[in-house]
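A short worksheet on the structure shown next.
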């Protein structure tokens, strides 16, 4: 592992180590900041003791990170264009990293301290956008070049849509439970609050099967949170390493010859597909392809331009680069960087092709598989990074949950949360975030759960506490601009001091 850091001077190496500690500290904050989302309901309804609930959340958070994949991680990495990451000096890369992390940590700790369920996801994404915008202003480049706008737009869409889905689905579940699960005395107990249950039946704990449903859905929220937010942590670590130590991390230097062959075969098969489906390629890119004469193909410039008209040339370029490659050590840093950038360009073209209405289901599956194979040595994370992030999130989960948990359980609605509301909110959150993780979209556990709880309160006629909801909405609305401004100002100041 240490050989991947060769070439870094001692000063840069120590600062990189400090940056990685900052990332893990951010993940730990994310753990105790967002753990309340998984344990609030199950503790408030007395389905589990607080210590046991937090331990369960820590364990499921840990396994969520380990088993969650990397699609969300690289949605975060790809927010900043590869050119921005690779064209920085180590000093500029470190300035970017520390500015981004400090902004995220300051806002997360501040909102946690006052007990507001603000979103760690919005904070991180805002901090990344702030870096991109400040870089554009300071270098007099366009925002399009400083941010990967299609990726940013997609992430914004998922962040905005997911709380609305949570509110509607959880409210719908309560409506169904009220209509179809309240016919008998036993079933009506599901719609009691813990206080009402104690007064009516003299029992503190929920009915047995309701308790099981609360515990399982809480475990689902914790696992989904680990899968989605843990991936963001992994993406953040990879962003740091690619920006500061590109020689060791711009592509997977530990890739086996089998993995390299898999990448090469995918590139070859994509070239064959587009040669046989030139019409699809033209429609996907909107331009004719530039096909150079054979004598020019062997001497393609190192500053290969990422443009839709260059798709066939890009495939040829990577094919030639990988021709007899058995290990990535045989490529120069410039060649590795070029290969990463060009493969991501090809990946964008594949995404556009898949969305065309005339592409058959079989071709869609083929293109998606070829894209996955092609990017397998680019969209990766070493196991030590995954384990470190999983541990940081798990340990963070063990502390600091109580402030936000009280807000979720008691202060959103005008009356206490019923068992049915707890189950509905947690099931909605677990399924929504699990689906988002599977599709590679970063979403906010905080926003989805808070809006799900609000949805159940509205439908159940309990109403919402205006002051708390106003504070939560203010935290939601202010998080993105606050993180953008904080990271932007910190980045500007750090570059002035370099």
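In the working numbering, the protein residues as written are -13 to 484. Beta carbons: idealized from backbone N, C-alpha and C, even for Gly.
Counting of Cβ neighbours within 10 angstroms places residue 432 among the buried residues, the total reaching 16 or more.
Our two residues, residue 28 and residue 197, have alpha carbons roughly 8 Å apart in a direct line. Look at residue 191 here: in three-state DSSP terms it is coil, with no helix or strand label. It is roughly 27 Å from the alpha-carbon of residue 305 to the alpha-carbon of residue 221. Taking 9 Å as the cut-off, the beta carbon of residue 381 is found closer than this to the beta carbon of residue 14. DSSP places residue 467 in the helix class (H, G or I) of the three-state scheme.
Three or more pairs of CB atoms, one per stretch, sit closer than 8 Å, so the region 140 to 156 contacts the region 408 to 425. Residues 376 of the same chain have their beta carbon placed closer than 6 Å to that of residue 52, with the five preceding and five following residues left out of the count.
With respect to the 9 Å criterion, residue 218 and residue 434 are not classified as neighbours on the basis of their beta carbons. Shortest Cα-Cα distance from residue 87 to any of 2, -3, 245 involves 2. One Cα belongs to residue 169, the other to residue 147, and the distance between them is close to 34 Å.
Contact between the region 237 to 245 and the region 345 to 363 is established, with three or more Cβ pairs separated by less than 8 Å.
Looking at 32, 26, 115, the one whose alpha-carbon comes closest to that of residue 475 is 115.
Rounded to whole angstroms, the gap between the alpha carbons of residue 327 and residue 174 is 59 Å. Counting every other CB atom within 10 Å of its CB across the protein chains shown gives residue 460 a total below 16, marking it as exposed. For residue 144, the uninterrupted alpha helix (DSSP H) run begins and ends at 135 to 166, by DSSP. Cα atoms of residue 192 and residue 407: separation of roughly 13 Å, rounded to the nearest angstrom. Here residue 150 is exposed, its C-beta having fewer than 16 other C-beta atoms within 10 Å. Counting along the chain, residue 364 sits inside no alpha helix (DSSP H), nor does DSSP assign it H or E at all. If you keep only unbroken alpha helix (DSSP H) runs of at least 4 residues inside the region 423 to 448, you get 431 to 445. Inclusion of residue 410 and residue 81 in the CB contact set at 9 Å is not warranted, their separation being larger than that value. Per DSSP, reduced to three states, the secondary structure at residue 475 is helical.
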